[in-house]
Amino acid sequence: MDKFRIIGSVPPKPLRGKIRISGSKNATLPLMTAALLTDQSIKFTNCPRLVDVFTLETLLNHHGVESFFDGNTMTLTASRIKDHCAPYELVRKMRASFLVLGPLLAREGKASVSLPGGCAIGSRPVDLHLMGFEKMGVTIDIDQGYINATAPEGGLHGAEIAFPTVSVGATENLLMAATLAKGTTKLVNAACEPEITDLARCLIKMGAKIEGVGTSILTIEGVEKLSGAIHPIIADRIETGSYAVAAAITGGEIELTNTSLDLLPTFKESLEATGTTLTPTKGGFIAKAPSGKIQPVDITTAPYPGYPTDLQAQFMALMTLAEGTSTITETIFENRFMHVPELNRMGANISTSGRTATIKGVDFLKGAEVMATDLRAPISLIMAGLTAEGETTLSRIYHLDRGYEDIENKIRGVGGNIERYKNGEAQNRERETETA
Ligand code: UD1
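Just so we're on the same page, the working numbering is the position in the sequence shown counted from 1, plus 6.
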C-alpha cells in the first residue's frame, strides 16, 4: 500500500512556483451521472483523472454507458440503459454513486440503488433525496439495503420541494430528475455550490429549462428529451484552497492557474485575515504567505457561500502555527475532526468540544507517523509535514488519490519534499469507509 514520506524543516522551505488546478471532482461526478439523461454523447473537458471518477465510470458502464477517456477529456454515451440496478459493491466505494437514482428514474421510470451506508465523517443519510422523489410521485421500497424506486405511470411529475436543510447531493439528484419530469419543479432552499451551478449550466446546454441558477431557488420546467453537449468542467475549488494554504503555511508564494478566487468567497476572506495575500491574475491568483506570523482566525463551516467543510482541515493545519488561539466550528458533518489527533501527534495543540475545535498556535511541529482518515483532511497532514522538523510518514493515501489529481507531482513542482513509496505493509483497502 502506498505511503507518502514528507521531509520538512523549521523554518519550512517556502513553496514557490505555479500549480495548475484540475477540474472539480465534485462537479465531475454529478455531471457524469447526467449523461444517463440522454441517448446522445456528452463530452467533458478539464475532467480530472481521479480514482472517484474511474469508480463512477465503472458504475456507469454497468448501467450500459459507453465511456472514452482521452487525456482530460471524457466522453460518455448512454445510447440505452441495460441495467437499472446500482449494486452495493460499487455504491459503497463512493456515495456520489447515489446520484444515478434521479437520472435513471427520469429516463427509465425505475431504478434500484444500494443505500450508501454511513461513512467516517458522519451518518450521511439520503432522506432528503427520497423525500423529494416521493413528492415527484415516486414509490420507494427499501429491501435488503436497496432502494427500489418506481416513477408513476407516465413518468415523474413536477413538485415544489422545500429542503429543511441544505444538501448538495439531494439538490443535484432532484435537479437532474426534474429536467425530464412533467410540469414544473421548484427546489427551495437548494444548495448553491458552484458545482451545482456547473451542473445546471451543462443541463441547460443539453436542452433543460432551469431558472434561478446560482441561487437557492431553482425552477425547472420539464422537457421531453435532452440532447448531447460539450462541457468544460469548472476548477476544483477545494484543490485551489488547499494549495493556497500550502503557500501560506510554508512561507511561500504560489501562482494557482486555471482557477478563480470567485469560487471561494468566505475562504478568501478567512485566508486574507491570516495575513496571506491573494492577488488575482488573468487565469487564477497568486497566494503569498504572511510577511510576519500567521494570524489566528476563527472559522465556521457552512453551505456555499459560507466556509467550505472540505477546506476545514487545511485551515486547521495553518492555525496550528498561528500566533495565538483560534476556533473552528464544523456545522456540516458531525464527525469531521479525525485529523485532530493526527495533527496533535505532530505537536499541535488542539482540543475539541462537540463541534468546535480550539487550536492554540505552537512555534513548530515535529514529523511523525500519521494516517489519512478521509478524502479531504489528509492534505492538511502533508502541509503540516512540510513545515515540521524531520520526517512525516502518511499512510492510507488512497484517500488522497480519490480527490487530488497528481498530488505529489504538484507539490514537488513547487519545491515540496514529498515522495510516494510502497513498503508492503498489510492494509486492507476494501475495509475502509469512504467519505465526501
Ligand atoms: C457534497 C460533497 C462533499 C461536501 C458536502 C458538503 C460531492 C461528491 N461531495 O457531499 O465533498 O463535503 O457536499 O459541502 O459533491 N444530509 C441529510 N440527508 C440527506 C442528505 C444530506 O441529512 O438526504 C446531511 C448530511 O448528512 C450532511 C449535510 O446534510 O450532514 C450535508 O450533506 P450534503 O450537502 O448532501 O453532502 P454530499 O452531497 O454528500
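The beta carbon of each residue, even a glycine, is placed where N, CA and C say it ideally should be.
Under the three-pair Cβ rule at 8 Å, the region 276–290 does not count as touching the region 29–46.
In the three-state reduction of the DSSP assignment, D89 falls in the coil class. According to the DSSP assignment, V251 belongs to the alpha helix (DSSP H) that extends over 243–255.
Counting C-beta pairs with one atom in each stretch, the region 58–69 and the region 79–89 have three or more that are closer than 8 Å, which means they touch. Rounded to the nearest whole angstrom, the C-alpha separation of T331 and L324 is 12 Å. In this structure, S173 has its beta carbon less than 6 Å from a heavy atom of the ligand UD1. Residue side-chain check: V346 keeps its Cβ at 6 Å or more from all non-hydrogen atoms of the ligand UD1.
For N341, there is no enclosing beta strand (DSSP E), as DSSP marks it with neither H nor E. Taking 7 Å as the cut-off, the beta carbon of P109 is found no closer than this to the beta carbon of M7. DSSP links G14 through a beta bridge to G396. Per the coordinates, the alpha-carbon of E166 lies some 26 Å from the alpha-carbon of S120. Contact between the region 407–417 and the region 340–355 is absent, with fewer than three C-beta pairs closer than 8 Å. According to the DSSP secondary-structure assignment, N154 is paired through a beta bridge with S118, D147. The alpha-carbon of L269 is positioned some 41 Å away from that of E159.
Note on geometry: alpha-carbon atoms of T399 and N350 lie some 15 Å from one another.
Annotation note: the region 289–368 contains the following uninterrupted beta strand (DSSP E) runs of length 3 or greater, listed N- to C-terminal: 290–294, 331–335, 355–359, 362–366. Taking 7 Å as the cut-off, the Cβ atoms of I244 and T34 do not count as close.
Within the chosen limit of 6 Å, the ligand UD1 does not reach the beta carbon of N341 with any heavy atom. The C-beta distance from G421 to K19 rounds to 6 Å, short enough to fall under 8 Å. Judged by DSSP secondary structure, A33 falls within the alpha helix (DSSP H) whose first and last residues are 31–40. For the 7 Å CB-CB criterion, L21 and A253 form a contact. Per DSSP, the continuous alpha helix (DSSP H) segment holding V59 begins and ends at 57–69. Residue pairing from DSSP leaves L162 without any beta-bridge partner. Close CB contacts of V172 within its chain, under the 7 Å cut and outside five residues either way in sequence, are with N195, A197, P309 (chain order). For the ligand UD1, no non-hydrogen atom lies closer than 6 Å to the CB of V119.
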